[in-house]
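I have placed the structure first, in the form of structure tokens, so that the comments after it can refer back to it.
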Amino acid sequence: MQKLAIQGGNRLNGEVRISGAKNAALPIMCAGLLTAGELHLDNMPDLHDVATMRKLLVQMGVTAAVESGALTLCGAKVDKLEAPYDMVKTMRAAILVLGPLVARFGEARVSLPGGCAIGSRPVDLHIKGLQAMGAEIRIEHGYIHAQVPQGMRAKRLQGTRIFFDLVSVTGTENLMMAAALADGVTVLENAAREPEVVDLAHCLIAMGAKIEGAGSDTISITGVEKLHGASHRIMPDRIESGTFLVAAAAAGGDITLSDARADILENVLEKLQEAGATIKTAGNTINLKMNKRPKAVNVRTSPYPAFPTDMQAQFMAMNTIAEGSAMVVETIFENRFMHVQELRRLGAQIDVEGNTAVIKGCTQLEGATIMATDLRASACLVIAGLVAQGETIVDRIYHLDRGYEHIEAKLSALGAQIRRMK
Ligand code: UD1
């Protein structure tokens with residue numbers, strides 16, 4: 000198993016290019032199932048999850064041509080309407096094939112994802128939404144079998160009003176894709192407003208879909224009979240952006256992100272300023288300067304535009320060495336404090352009570368061997384390693400490779416001492 004060895008203590012300086020967003024790329028790849036035309040995608044990140052999604056689509060009969068940073072999908076010969084357990088268990092986003100398959104082919108068989116390190120993460124809202132659109136759904140042997148009944152007009156899903164009890168990002172995306180080919184108008188209420196939902200909507204609109212309101216909590220989709228091929232550029236990864244900014248705020252330094260977007264990071268940038276960083280944005284660059292020990296900052300996760308759960312662990316790492324105490328409240332996932340035990344091994348002082356962690360900043364962490372448990376927890380441990388005294392070994396970094404493109408190369412270029420051990 001691969002590990003990262005980090006020698007802490009270096010400041011971060013220089014420029015880093017932000018990759019395409021994993022959480023936009025994955026649903027947009029699934030949109031390739033909605034058409035027999037070619038979907039050309041640029042700014043594709045080179046990530047394990049993207050490779051897994053490509054494999055899954057290819058298994059279904061999609062052709063995928065990879066060129067550096069670009070991917071062309073063609074769904075003209077899709078013949079296997081199934082996402083097997085082996086794929087879904089390694090990447091929950093595989094559930095995103097469900098909506099497109101049922102919408103275009105009238106049926107699908109997709110494994111239930113099961114739990115994961117950060118909580119139970121059910122997909123009941125995806126299922127209820129498709130049922131409301133007329134799909135018949137059976138759960139058998141761990142699989143979701145979805146079918147549009149024979150009697151329904153041209154075997155198409157029917158547009159309807161769907162209210163989400165909870166804001167769900169992939170739930171909104173799955174149903175938006177399904178509704179794009181449904182018969183009639185679908186209105187999604189209490190929909191996710193995440194920028195990745197908007198990026199998917201832009202891609203679908205380029206493919207001929209009729210969508211209004213993406214980015215607000217009410218999305219209206221007028222179904223069309225067919226979608227066509229299109230070209231789309233994947234938006235920059237706001238979580239990768241935030242992760243590098245927090246790393247520089249914790250370790251000190253002067254970094255500039257290029258190909259980034261400040262407008263979708265407002266909450267994170269405000270928190271970094273509160274921690275004492277100076278932030279300047281211009282065009283698609285974000286510059287952060289930090290010349291002192293960070294101040295502790297409280298965070299409370301909530302759906303966009305509030306503070307993202309995917310940035311919680313990284314802020315926790317910064318808070319461990321900050322001046323003062325901070326409270327971190329996680330409201331989205333019930334078990335997203337797995338990194339706390341590992342941070343404690345480096346000397347961090349953290350108390351957890353339910354969904355709240357109280358972090359008492361200390362002046363210095365000490366390097367040790369620690370284990371990554373999920374994607375964003377891994378990023379948190381890398382940041383802790385960058386500020387700890389001596390060597391930190393981060394084990395099980397396959398989580399990191401799922402969602403961060405060439406992280407050690409990017410951090411090395413900024414002056415960090417970090418290397419991959421095979
Ligand atoms: C997406 C992101 C993930 C991010 C999360 C929250 C992708 C590929 N992943 O995950 O990085 O951490 O949004 O911003 O975009 N829920 C239900 N029933 C459902 C669906 C969700 O109860 O059918 C619950 C979940 O357990 C969780 C909450 O709703 O407590 C939000 O989850 P959701 O927004 O669906 O997360 P994902 O889309 O899986």
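Residue numbers (numbering that gives the first Met the number 0): 0 to 421. The C-beta atom is built at its ideal place from N, Cα and C for all residues, glycine as well. Note that the structure is a prediction, hence the values are computed from the model and not measured.
| Item | Value |
| --- | --- |
| Neighbour flag for Ala69 against chain D, beta carbons, 8 Å | Here chain D cannot be found, since the structure has a single protein chain. |
| Supposed contact pair Val96 and Cys29 - C-beta distance, whole angstroms, cut 8 Å | 5 Å |
| His125 Cβ short of 7 Å to the ligand UD1 heavy atom set | yes |
| DSSP three-state assignment for Ser230, whether helix, strand or coil | strand |
| Residue interval of the alpha helix (DSSP H) (run including Val77) | That residue, Val77, is in no alpha helix (DSSP H); it is neither H nor E in DSSP. |
| Start-to-end residues for the alpha helix (DSSP H) that takes in Gly252 | From DSSP, Gly252 is part of no alpha helix (DSSP H) but of the beta strand (DSSP E) over 252 to 257. |
| Inter-residue spacing [alpha-carbon to alpha-carbon] between Ile138 and Asn173 | 18 Å |
| Distance cut-off 7 Å: Leu33 Cβ against heavy atoms of the ligand UD1 | no |
| Inter-residue Cα distance where the pair is Thr168 and Ala190 | Here residue 168 turns out to be Val, not Thr, going by the sequence shown. So the alpha carbons of these two residues sit roughly 8 Å apart. |
| Member of Ile218, Cys73, Arg343 whose CA lies at the smallest distance from the CA of Thr185 | Ile218 |
| C-beta atoms of Ile236 and Lys409 nearer than 8 Å | Reading the sequence as shown, one finds Asp at residue 236 and not Ile. No. Outside cutoff. |
| Beta-carbon spacing of Pro121, Val87 below 8 Å | no |
| C-beta atoms of Leu452 and Ala276 nearer than 8 Å | For the chain, the structure presents residues 0 to 421; residue 452 sits outside this window and is missing. |
| Uninterrupted alpha helix (DSSP H) stretches inside the stretch 244 to 315 (no shorter than 4 residues) | 265 to 273 |
| Sub-8 Å separation of Glu407 and Ile392 beta-carbons | no |
| Burial state of Leu436 (16 or more Cβ within 10 Å) | This structure cannot settle anything about residue 436, because the visible part of the chain is limited to 0 through 421. |
| The stretch 279 to 298 in contact with the stretch 245 to 253 per 3-pair CB rule at 8 Å | yes |
| Through-space distance from Val147 to Arg10, alpha-carbon basis | 57 Å |
| Validate contact between the stretch 336 to 348 and the stretch 370 to 383 using beta carbons, cut 8 Å, 3 pairs | yes |
| As assigned by DSSP and simplified to three states, the class of Lys359 | strand |
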